[in-house]
Every structure is written in structure tokens, then in C-alpha cells.
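Colleague: Okay, here's the structure, questions in a sec.
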Amino acid sequence: MTAPIIFAIPKGRILYEALPLMQAAGIEPEAAFFDKESRALMFDTSDPGVRIIRVRAFDVATFVAHGAAQAGIVGSDVIDEFDYSELYAPVDLDIGHCRISVAEPAELAATDDPRSWSHVRVATKYPNLTRKHFAARGVQAECVKLNGAMEIAPLLGLSSRIVDLVSSGKTLKENGLVEVEKIAEVSARLVANRAAFKTDERIASLVEKFRAAGNA
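Residue 6 is where the sequence shown starts when you use this note's numbering, and the numbers rise one by one after that.
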């Protein structure tokens with residue numbers, strides 16, 4: 006009996022935008038998936054050959070790259086942060102739009118010029134992406150790794166700047182921060198394990214279903 010495809014999806018902002026595309030691709034989660042009291046992480050779907058796991062966005066990339074899951078959905082920010090060679094991202098799903106930006110306190114931004122930076126201390130959950138961005142400009146980035154609550158770091162003196170996802174900018178504003186530099190636009194991508202894509206025709210078929218759903 007052929008083992009089912011494991012499809013990884015992220016908790017949080019992308020999930021509910023992804024559900025209509027999943028449904029169009031023939032992957033509809035079982036009812037238990039929508040039970041807010043459930044602590045289960047793996048679920049059946051309308052396709053008996055596909056099971057889904059619901060994990061943190063950063064973990065989607067890791068599960069798929071290492072072959073524990075064969076495909077999934079994750080933001081391009083996560084793909085860029087990990088840069089796994091075994092992670093293949095064939096379809097931009099055109100959902101989960103935001104940007105990854107550098108922000109700093111408004112009073113600092115009033116006199117600051119990012120073009121003059123030679124060294125920056127930055128709080129971020131994207132240390133690799135951040136270092137790569139600043140290195141391309143000849144700027145040395147000292148990254149303080151945080152998993153959340155980035156906006157409070159400048160207020161408490163942990164760092165003078167942050168690199169984080171920005172959507173409306175409301176959270177930045179409420180914490181006295183302003184964007185001073187955009188690093189990249191972000192959207193959600195369908196990802197697949199590169200080896201699985203090459204050897205399992207079901208993965209290639211799934212990619213085409215999502216491509217068609219996105220185009221529709």
C-alpha cells in the first residue's frame with residue numbers, strides 16, 4: 006500500500022487564505038481540523054492519499070526539505086531564511102501578501118539615513134536573511150534572534166532596529182516604530198521536496214492542481 010502524501014500547512018495568517026486553494030486542489034481537511042479545542046497536528050483529508058499536518062510556518066520548510074512531508078505551503082520569507090537546497094517552490098499562490106522590512110523608532114528615523122549605516126544591531130527572527138541583505142550593501146549586521154514581540158526590542162534597548170514582517174504597519178505605529186527600508190515583498194508559495202517531486206508523480210500532479218487553482 007502506498008503511503009499517503011504528507012502536506013504541511015502553517016498555523017497563522019496564511020492558513021485561512023490557503024484553504025480555498027486547497028479545496029480547489031482536492032484537499033479538504035476533515036472536520037476535526039476546524040475544532041479549536043483539538044490539539045491534534047495531523048489530519049485526514051477528502052483525498053485518502055493525502056494527510057495534512059499543521060505546524061509553525063518555519064517548521065513547514067524544515068519538514069518538507071527533510072522529506073518528513075512531501076509538500077506544503079509557506080511564505081517566501083521562510084524560504085529565503087532557510088534557503089534549503091531540497092526545497093522546491095514551483096508555484097506562487099498569490100496569497101499571504103506582506104513585506105519584510107527594517108524598522109526603527111520614529112525619533113531615530115527623523116534624523117537617520119540608512120545609506121550611512123556601516124554597522125547595525127537588529128532584533129529579528131530572520132537572522133540569515135537579514136545578514137545577507139545588509140552584507141550585499143557592505144553593512145555589518147549584528148542580529149539578536151527573537152521569535153516574537155520584535156517591536157518592543159528598541160523600547161527596551163535590546164536593539165536600535167528590527168527586521169520583521171509588515172502588513173498594515175499598525176503594530177509598528179502602536180509601538181512607536183516606522184519602516185525605513187523594505188527588504189522584500191512576501192507571498193505564500195507551494196513547496197515540495199525536490200527528490201519527492203522527481204520520483205513521485207503524485208507530487209507533480211499536486212503541483213499542477215495548485216497551479217490551476219491559483220490561476221483560477
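For glycine and all other residues, C-beta sits at the position ideal for the given N, C-alpha and C.
So Gly219 is in the alpha helix (DSSP H); what residue range does that whole segment cover?
Modeller: Here residue 219 refers to the residue found at position 214 when the sequence shown is read from its first residue. Per DSSP, Gly219 belongs to the alpha helix (DSSP H) from 206-220.
Colleague: Round the Cβ separation of Val60 and Ala13 to the nearest angstrom and send it over; I've been treating them as touching at under 8 Å.
Modeller: Within the sequence shown, the letter at position 55 stands for residue 60. Within the sequence shown, the letter at position 8 stands for residue 13. 6 Å between Cβ atoms; contact.
Colleague: According to the Cβ coordinates, are Glu109 and Ser165 closer than 8 Å?
Modeller: In the sequence shown, counting from the first residue as 1, residue 109 sits at position 104. In the sequence shown, counting from the first residue as 1, residue 165 sits at position 160. In contact: Glu109 and Ser165 (Cβ atoms closer than 8 Å).
Colleague: Excluding the 5 residues preceding and the 5 following His138 in the sequence, name in chain order all residues of the same chain whose CB lies nearer than 6 Å to its CB.
Modeller: Here residue 138 refers to the residue found at position 133 when the sequence shown is read from its first residue. Cβ within range, chain order: Ile188.
Colleague: What are the start and end residues of the alpha helix (DSSP H) that includes Ala70?
Modeller: For this step, residue 70 is matched to residue 65 along the sequence shown. Unbroken alpha helix (DSSP H) run through Ala70: 62-70.
Colleague: Whose CA, out of Gly17, Thr135, His71, lies closest to the CA of Ser90?
Modeller: The residue labelled residue 90 in the question sits at position 85 within the sequence shown. Ranking the options by Cα distance to Ser90, first place goes to His71.
Colleague: Do you know offhand how far Trp122's Cα is from Val185's?
Modeller: Looking up residue 122 in the sequence shown gives position 117. Looking up residue 185 in the sequence shown gives position 180. Approximately 12 Å, taken between the alpha carbons.
Colleague: Report the option in Arg199, Arg104, Gly181 whose CA atom is closest to the CA atom of Ala115.
Modeller: Walking along the sequence shown from the start, residue 115 turns up at place 110. Ranking the options by Cα distance to Ala115, first place goes to Gly181.
Colleague: Can you have a look at Tyr131 and say buried or exposed, based on whether 16 or more other CB atoms are within 10 angstroms of its CB?
Modeller: Mapped onto the sequence shown, residue 131 falls at position 126. With 16 or more Cβ atoms within 10 Å of its Cβ, Tyr131 is classed as buried.
Colleague: Look at the alpha carbon of Val65 and the alpha carbon of Ala8, and state the distance between them as a whole number of angstroms.
Modeller: Indexing the sequence shown from 1 puts residue 65 at position 60. Indexing the sequence shown from 1 puts residue 8 at position 3. Near 19 Å, if we compare the C-alpha coordinates of Ala8 and Val65.
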